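Presented below is the structure to which this report refers.
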Amino acid sequence: MATKKTTILNLPEEEYVHPGNRACAGCGLSIVYKTGLKALGRDSILVVPPSCLTVLQGLYPIAATQLPCLNVTFASTAAAATGVLAAMRAQKRPDVQVAAWAGDGGTSDIGLQALSGACERGEDFIFICYDNEAYMNTGVQRSGTTPQHVLTTTTPFTGKHQRKKDVPAIIAAHGIDYVATASAAYPLDFYDKVVKAKSIPGPKYIHVHTPCPAGWGFSPRYTVKIGRMAVETGLFDLYEREKGQFRLTGASEKMLGKKRKPVAEYFITQNRFKGMDEEKIQSLQAEVDEKWAGYEKIAQGVC
Amino acid sequence: MHIIEAGNVAAAMGVKLAGVQVVAAYPITPQTPLTEKLSELVDSREMDAQYIPVESEHSALSVCIAASSAGSRAFTATSANGLLYMNEQLHWAAGARLPIVMCVVNRGIGAPWTVWNDHQDAMSQRDTGWIQLYCCDHQQIIDTVIQAFAIAETVRAPVMVCYDGYILSHTYMPFDIPDQADVEKFLPAFTPDWALNPQCPANLNTVTLPEPRADVRGNTAPGYMEIRHNLHTDLRRTIDVTADTDTKFKDIFGRGGQPFIESYFCDDAEHVVVCMGSLSYQMRDVIDELRKEGVSVGVYGLRLYRPFPDRAVAEALDGRKNVLVFEKALSYGYEGPLFSDIKAALYGTDSLPKIRNFILGLGGREIRTRALYQAVKTACNENQSKPHEPDFIGLKL
Amino acid sequence: MRDDIIEIRWHGRGGQGAITAAKIVANAAFTSGYGGVVMAPTFGTERRGAPVLTSLKISKSKIYDLSPITEPDMVLVLDHLLVEEIDVAAGLKPGGLIIINSPRPPETFDFPGMKIATADVTTMAANAGLPTGIVNTGIIGAFAKAAGLLDMDTLAGTIEAEFAGKNPEKNAEAARMTHAHTLIGDA
Amino acid sequence: MNDVKNPGNSGNDPKKQEKFACRTSHSEPGPGDGGRTGSWRVLRPVIDLDKCIPAKRNKAACFNCWLYCPDGVITKTIPPTIDYEYCKGCEICAEECPADAITMVEETLILMEEK
Numbered sequence: 001m002a003t004k005k006t007t008i009l010n011l012p013e014e015e016y017v018h019p020g021n022r023a024c025a026g027c028g029l030s031i032v033y034k035t036g037l038k039a040l041g042r043d044s045i046l047v048v049p050p051s052c053l054t055v056l057q058g059l060y061p062i063a064a065t066q067l068p069c070l071n072v073t074f075a076s077t078a079a080a081a082t083g084v085l086a087a088m089r090a091q092k093r094p095d096v097q098v099a100a101w102a103g104d105g106g107t108s109d110i111g112l113q114a115l116s117g118a119c120e121r122g123e124d125f126i127f128i129c130y131d132n133e134a135y136m137n138t139g140v141q142r143s144g145t146t147p148q149h150v151l152t153t154t155t156p157f158t159g160k161h162q163r164k165k166d167v168p169a170i171i172a173a174h175g176i177d178y179v180a181t182a183s184a185a186y187p188l189d190f191y192d193k194v195v196k197a198k199s200i201p202g203p204k205y206i207h208v209h210t211p212c213p214a215g216w217g218f219s220p221r222y223t224v225k226i227g228r229m230a231v232e233t234g235l236f237d238l239y240e241r242e243k244g245q246f247r248l249t250g251a252s253e254k255m256l257g258k259k260r261k262p263v264a265e266y267f268i269t270q271n272r273f274k275g276m277d278e279e280k281i282q283s284l285q286a287e288v289d290e291k292w293a294g295y296e297k298i299a300q301g302v303c
Numbered sequence: 001m002h003i004i005e006a007g008n009v010a011a012a013m014g015v016k017l018a019g020v021q022v023v024a025a026y027p028i029t030p031q032t033p034l035t036e037k038l039s040e041l042v043d044s045r046e047m048d049a050q051y052i053p054v055e056s057e058h059s060a061l062s063v064c065i066a067a068s069s070a071g072s073r074a075f076t077a078t079s080a081n082g083l084l085y086m087n088e089q090l091h092w093a094a095g096a097r098l099p100i101v102m103c104v105v106n107r108g109i110g111a112p113w114t115v116w117n118d119h120q121d122a123m124s125q126r127d128t129g130w131i132q133l134y135c136c137d138h139q140q141i142i143d144t145v146i147q148a149f150a151i152a153e154t155v156r157a158p159v160m161v162c163y164d165g166y167i168l169s170h171t172y173m174p175f176d177i178p179d180q181a182d183v184e185k186f187l188p189a190f191t192p193d194w195a196l197n198p199q200c201p202a203n204l205n206t207v208t209l210p211e212p213r214a215d216v217r218g219n220t221a222p223g224y225m226e227i228r229h230n231l232h233t234d235l236r237r238t239i240d241v242t243a244d245t246d247t248k249f250k251d252i253f254g255r256g257g258q259p260f261i262e263s264y265f266c267d268d269a270e271h272v273v274v275c276m277g278s279l280s281y282q283m284r285d286v287i288d289e290l291r292k293e294g295v296s297v298g299v300y301g302l303r304l305y306r307p308f309p310d311r312a313v314a315e316a317l318d319g320r321k322n323v324l325v326f327e328k329a330l331s332y333g334y335e336g337p338l339f340s341d342i343k344a345a346l347y348g349t350d351s352l353p354k355i356r357n358f359i360l361g362l363g364g365r366e367i368r369t370r371a372l373y374q375a376v377k378t379a380c381n382e383n384q385s386k387p388h389e390p391d392f393i394g395l396k397l
Numbered sequence: 001m002r003d004d005i006i007e008i009r010w011h012g013r014g015g016q017g018a019i020t021a022a023k024i025v026a027n028a029a030f031t032s033g034y035g036g037v038v039m040a041p042t043f044g045t046e047r048r049g050a051p052v053l054t055s056l057k058i059s060k061s062k063i064y065d066l067s068p069i070t071e072p073d074m075v076l077v078l079d080h081l082l083v084e085e086i087d088v089a090a091g092l093k094p095g096g097l098i099i100i101n102s103p104r105p106p107e108t109f110d111f112p113g114m115k116i117a118t119a120d121v122t123t124m125a126a127n128a129g130l131p132t133g134i135v136n137t138g139i140i141g142a143f144a145k146a147a148g149l150l151d152m153d154t155l156a157g158t159i160e161a162e163f164a165g166k167n168p169e170k171n172a173e174a175a176r177m178t179h180a181h182t183l184i185g186d187a
Numbered sequence: 001m002n003d004v005k006n007p008g009n010s011g012n013d014p015k016k017q018e019k020f021a022c023r024t025s026h027s028e029p030g031p032g033d034g035g036r037t038g039s040w041r042v043l044r045p046v047i048d049l050d051k052c053i054p055a056k057r058n059k060a061a062c063f064n065c066w067l068y069c070p071d072g073v074i075t076k077t078i079p080p081t082i083d084y085e086y087c088k089g090c091e092i093c094a095e096e097c098p099a100d101a102i103t104m105v106e107e108t109l110i111l112m113e114e115k
């Protein structure tokens, strides 16, 4: 990245989210949200479908978010963002930044059609998906991005049989100029990605891995730690795809050429992986190894 | 200026004259030519608007909801299953009090597929909190689209402008295009009291509790039920707004005068036919014929369906011998929805007229004027009440 | 129901321009003082080449009945092969007029009790310089001659307005040439 | 053709002149939508200023607790302070403090002390 990386010391101090909101203690989304809003800035309009964020936003007539925000129906997020953009163009207010902020269900499942449409139309907005890997707001049901073998209330005994849907890849296939991943454990990396996204015209998609203590079954104390482990084991990778060019960023980039933590270390920290046996763990380890072998090749310019 | 064009073009011209800023639409027969015309007007810069070719009807209304929330005048159009696909958003637009206008080019609903006209689509959405206006010809289409924005923006509620698929949408007939300056006099630019704006951040449509709750200053804000009750009372008041809008329109353009129900030879009529849309105009030829034969009959074309102008309807029908309700929709397992509403409006009138319900034209089943004539004539002669069993016209069992 | 409405049915094939032709006549009728004009294409799923029909009603006063024409006063056939394919005279009032694009003279068609007019619109249109197969403007000339409802100059003007930027003169000329060469049979 | 009267529904109701209330669910930003969320806490984070890096060095440094606090209740000041009114007691600050300067103390003990 040519641009200078933000540090804790120069990350803006001003908060855009009021305290005393309804997010759970140790909520990964809260970390992501407060950091993302700092990056978006005051001249922004948010669009939010039902999700934990709706609860965090607050109950009428009090709002936790200090930015204008349009709450919309589950399937309509990206279309609603399109509508705000159209109004801003009609009113000759091109400087207003429009950002959609949805959960993984609202992005990868019910919201995918509208998101695909908006990406294909080239709408000039940032779509942020905070991925806590299940329908947490409704009580931990499986979503398209729930990883394989995870126990949820709709995959209660044998875990989810299917793989995690690779939403960033699907969005990247639209040929948009900026797709990135981030993690709640690396707020500065996320901040920089949102800031960069603001400077790029057209649709921008940022997929943020967001640990959820209640839904994943760990103590709230470890939200950041577990998010970090997902990256350090190579299960969730931080990257950018700018104008089609893929590159790992931040902590993931630093892992190139190095030994990663075994995925098993990550799995034992969370109750949701309790249904996994050694064979499943090894199979997933093999998948991660293969994926990383690919990254190494890209980094060496092999393919 | 008069032109001869299709009904869909009349609607598009109305949208252009109304100074719509954001159009979002998804193609569906028989609405498509309206959408095509609007994209043509925008692409050729004859119309200064944002045209958003969305990927579904759900998104079409979503774009309008957001654009309207952000303070722009927004329009969409659809038919049949497209309207049903919007269902969730219809409720949302009304609940969020957004003055969106939508043309519903009426078409039957699948399954089985049909592309032809009936009123099942719009009638099935009558409880969404949208105002519904029905048109009988192209002049009414263009005039009503313009009026719809005035009504919507006064009440802050969305309006459906309904007109018959193919019968009006694809048929060519002459109509007058109002002068742009006159339209601007009638319908000033959209200046909402509130809109999404970074300068005064508000969080719109947040979760609302069953009970009222204090706001940040300690003042009591309404609960969900108060908000919904207010939508209802404001829609009840819309009946008057529709009348006022019609008066204002007539002052400028010379057309109008019957905002709720259009009457044709009803003043002295013993028997009256009630219907909506182009059918009420087709019925006029039947009335002419029967009047020649000395039958005391007239036709009411209902223009405003939601909110239901119950007082106007009750007053219009009180004291008649026979009320014959002809409609192109059916509440399966009961009767025509308009029939139910009319019966309800008559409850408490001094002289309950005899009443009958005729269902016809479903899925575009041809409505022969001769068949209408026979049905009306027979019903007038029989002078019988059939309040619980609709008759079907043109059914070939 | 009303007897003051002239009902005209147009038979063509999808893509042949019957709707445009009917629209031109509708416009010319309106300019000529017919306040009631209703032109309705058949509704549904027409595809190129398939037989299609369009109905046109004209009257001195406003028309309220938009139902399809069942008993036309006249019928226009843009392609004489359609005569073999469908019953173009269906419902035609006794003594009604059938105008056919055909190189054959009227007496070669067998429609008892009807008045037949024919014109070789296809050839006339080609002679006027239009691409082969454009017959929707030429047939209007035959209509002007055989129906006698609207005058040729008004119709030619309407054609030019409709085809502004798309060979307006040639289209009007096709109609005028056809007008001059329309054969009207004995009723 | 003849006209019907088309009476409205409010007649001479004075309400007719009133502006439409247009009630919507538009929320205004403000703290404490979820109440005094400090009461959710079982354990209270307490900063040991002898260990806390910015406090010890008396200059801007570290601030991990501020960065990771989900609820924005820790200040980026020297020393950092915690708003116990809203702190939910998630312990992330204690976990992420590189100097082990934050300890979680049982609220009941603190209450007893206060008494």
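Protein chains in written order, with the UniProt record's numbering: chain A, 1 to 303; chain R, 1 to 397; chain Z, 1 to 187; chain C, 1 to 115. The beta carbon of each residue, even a glycine, is placed where N, CA and C say it ideally should be. None of these values were measured; they are calculated from a predicted model.
Own chain residues within Cβ distance below 8 angstroms of residue i, not counting five before or after
i, result
"Z:Ala126", "Thr132"
Cβ-based neighbour list, residue i, same chain, cut-off 7 angstroms, excluding 5 preceding and 5 following
i, result
"A:Thr153", "Gly139, Val140, Gln141"
"Z:Ala147", "Met74, Leu97"
"R:Pro30", "Ser79, Val105, Arg107, Val115, Gly165, Tyr166, Ser169, His170"
"C:Asp3", "Confidence at C:Asp3 is low in this model, with a pLDDT of 41, below 50, so its placement is unreliable and no value can be given for it."
Whole-angstrom distance between residue j and residue i, CA atom to CA atom
i, j, result
"R:Arg107", "A:Asp277", "56 angstroms"
"C:Asn64", "A:Leu29", "17 angstroms"
"Z:Ala175", "Z:Lys62", "28 angstroms"
"A:Gly202", "A:Lys193", "15 angstroms"
"R:Pro210", "R:Tyr224", "5 angstroms"
"R:Glu270", "R:Lys386", "17 angstroms"
"R:Ile227", "C:Arg23", "5 angstroms"
"A:Gly123", "A:Gly83", "Going by the sequence as given, residue 123 of chain A is Glu instead of Gly. Computed Cα separation, rounded: 10 angstroms."
"A:Gly41", "R:Asn197", "13 angstroms"
"C:Asp100", "A:Ala169", "40 angstroms"
CA nearest to the CA of residue i, picked from the options
i, options, result
"A:Thr145", "A:Ala172, A:Ala118, A:Pro94, A:His209", "A:His209"
"R:His170", "R:Ile4, R:Ala80, R:His119", "R:Ile4"
"Z:Thr123", "Z:Glu85, Z:Pro51, Z:Lys23, Z:Arg104", "Z:Arg104"
"residue 161 of chain C", "C:Thr24, C:Glu113, C:Val105, C:Asp48", "The displayed coordinates of chain C run from 1 to 115. Any statement about residue 161 of chain C would go beyond what the structure contains."
"residue 415 of chain R", "R:Ala316, R:Trp116, R:Asp285", "Residue numbering for chain R in the displayed model covers 1 to 397; residue 415 of chain R lies beyond these limits and cannot be assessed."
Close-in-space but distant-in-sequence residues of the same chain around residue i (CB under 6 angstroms, 5 per side omitted)
i, result
"Z:Ala172", "Ala156, Ile159, Glu160"
"A:Tyr191", "Thr6, Thr35, Ala39"
"Z:Asp120", "Pro103"
"R:Phe339", "Val325, Asn357"
Within-7 angstroms CB hit, residue i to chain A
i, result
"C:Asp33", "yes"
"R:Ala269", "no"
"C:Asp48", "no"
Cutoff 7 angstroms: residue i Cβ touching any chain R Cβ
i, result
"Z:Arg2", "yes"
"A:Gly105", "no"
"A:Ser51", "no"
Residue-level contact to chain Z via CB, residue i, 7 angstroms cutoff
i, result
"R:Gln282", "yes"
Distance CB(residue i)-CB(residue j) smaller than 7 angstroms
i, j, result
"A:Ala80", "R:Ala66", "yes"
"Z:Ser59", "Z:Asp3", "no"
"Z:Leu76", "Z:Ile99", "yes"
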